[in-house]
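One structure is given below, encoded as structure tokens.
Okay, here's the thing in structure tokens:
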């Protein structure tokens, strides 16, 4: 069976504080995109995880780690082949790895009839990626804590264009660069993305794309980058903008949505 693994964007992102455990409390608005990866899951004689288009080492893949956690928790073997068609670039700030893990967890929980509750899946997944709880719950909304607190909210659904500069940004590196002084200075006044200034300063490829798109549009960095997005009125407008880009840039035009398509797929799958 084939399941959706949608991307997300951060409509806003603030850091509230750095915790004693080294993680950061955030306050962010997450919204799903009607675009992302696809995951094909089928029965097999062992657990295997592979990717196409973009290669991710098996043992470093969050899907592998998440399913191993389920195997350990349930004391069982998950004999499934998981093939991920990767469209979401690595290090783009769109939550691709976390989305993949959440989709695999939900789908195999259903296929294998494990009957694990959503709370259990969230508990198993949150230590692997702070965005996993959001993708497991499947509703756009306000995200706080280290990512485990989600308050569903209906945001306007818009046509957006996502740009992908030719670079990958490690979320770990971005958060490690955060200073207490910066948190205190930005905590109460920042409305957009906490990391925007840092990303634009440290990644010239992102700065170039951002400056180009900002000439005529309001632009936002998603997550810790490297991708950025802007609202557009039509596919034609998006294409016209990109036809005038100083050099070729990868992009996609899609809609923002408030509910993950995976939820209906699981409901209608009959498993």
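Numbering (this note's numbering), first residue to last: 6 to 276. Heads up, the beta-carbon is just placed ideally off N, CA and C, and yes, glycines get one too.
Throw me the rounded Cβ distance for the residue i and residue j pair, which I believe falls under 8 Å.
| i | j | result |
| --- | --- | --- |
| residue 58 | residue 92 | 7 Å |
| residue 85 | residue 113 | 6 Å |
| residue 139 | residue 155 | 6 Å |
| residue 205 | residue 133 | Between residue 133 and residue 205 the Cβ distance is about 29 Å, and since that is not below 8 Å, they are no contact. |
| residue 167 | residue 234 | 5 Å |
| residue 49 | residue 88 | That pair is no contact at about 10 Å. |
| residue 47 | residue 95 | In fact, because the Cβ distance is near 25 Å, the residues do not count as touching under 8 Å. |
Bridge partners of residue i, per DSSP?
| i | result |
| --- | --- |
| residue 90 | 43, 57 |
| residue 261 | 38 |
| residue 144 | 264 |
| residue 150 | 31 |
| residue 22 | 30 |
| residue 48 | 85 |
| residue 229 | Partner(s): none; residue 229 has no beta bridge. |
| residue 71 | DSSP lists no partner for residue 71. |
| residue 219 | According to DSSP, which records beta bridges pairwise, residue 219 is partnered with nothing at all. |
| residue 120 | Note: residue 120 sits in no beta bridge, so no partner. |
| residue 11 | 41 |
| residue 139 | According to DSSP, which records beta bridges pairwise, residue 139 is partnered with nothing at all. |
| residue 17 | 34 |
Excluding the 5 residues preceding and the 5 following residue i in the sequence, name in chain order all residues of the same chain whose CB lies nearer than 7 Å to its CB.
| i | result |
| --- | --- |
| residue 78 | 129 |
| residue 255 | 169 |
| residue 147 | 34, 156, 158 |
| residue 268 | 143 |
Among the options, which one has its Cα closest to the Cα of residue i?
| i | options | result |
| --- | --- | --- |
| residue 210 | 177, 197, 226 | 226 |
| residue 232 | 151, 175, 25, 8 | 175 |
| residue 197 | 219, 82, 224, 81 | 224 |
| residue 35 | 49, 103, 16 | 16 |
| residue 213 | 245, 250, 137, 242 | 250 |
| residue 20 | 222, 149, 266, 252 | 149 |
| residue 137 | 266, 109, 189 | 109 |
| residue 161 | 56, 60, 12, 260 | 260 |
| residue 236 | 219, 252, 248 | 219 |
| residue 182 | 229, 267, 163, 118 | 229 |
| residue 252 | 258, 83, 215 | 215 |
| residue 142 | 76, 13, 98 | 13 |
| residue 90 | 81, 41, 96, 180 | 41 |
| residue 71 | 184, 22, 127 | 127 |
Apart from the five residues on each side of it in sequence, which residues of its chain come closer than 8 Å, Cβ to Cβ, to residue i?
| i | result |
| --- | --- |
| residue 151 | 24, 28, 29, 30, 31, 131, 135 |
| residue 221 | 246 |
| residue 120 | 114 |
Using a Cβ-Cβ cutoff of less than 6 Å, which residues in the same chain neighbour residue i once the five nearest sequence positions on both sides are dropped?
| i | result |
| --- | --- |
| residue 178 | none |
| residue 274 | none |
| residue 153 | 131, 138 |
| residue 101 | 93 |
| residue 171 | 210 |
| residue 37 | 11, 13, 145, 262, 265 |
| residue 98 | 227, 228, 229, 230, 232 |
Does residue i come within less than 8 Å of chain B when only Cβ atoms are used?
| i | result |
| --- | --- |
| residue 146 | Absence of chain B from the displayed structure is noted, only one protein chain being present. |
Could you tell me whether any non-hydrogen atom of the ligand MN is closer than 7 Å to the CB of residue i?
| i | result |
| --- | --- |
| residue 188 | As far as ligands go, the structure on display features none, and thus does not contain the ligand MN. |
Which residue spans inside the stretch 150 to 214 form an unbroken beta strand (DSSP E) run of at least 3?
You should have 154 to 157, 164 to 169.
Please give the ranges of any alpha helix (DSSP H) in the stretch 89 to 118, keeping only runs that are unbroken, at least 4 residues long and fully inside the region.
The qualifying runs are 101 to 116.
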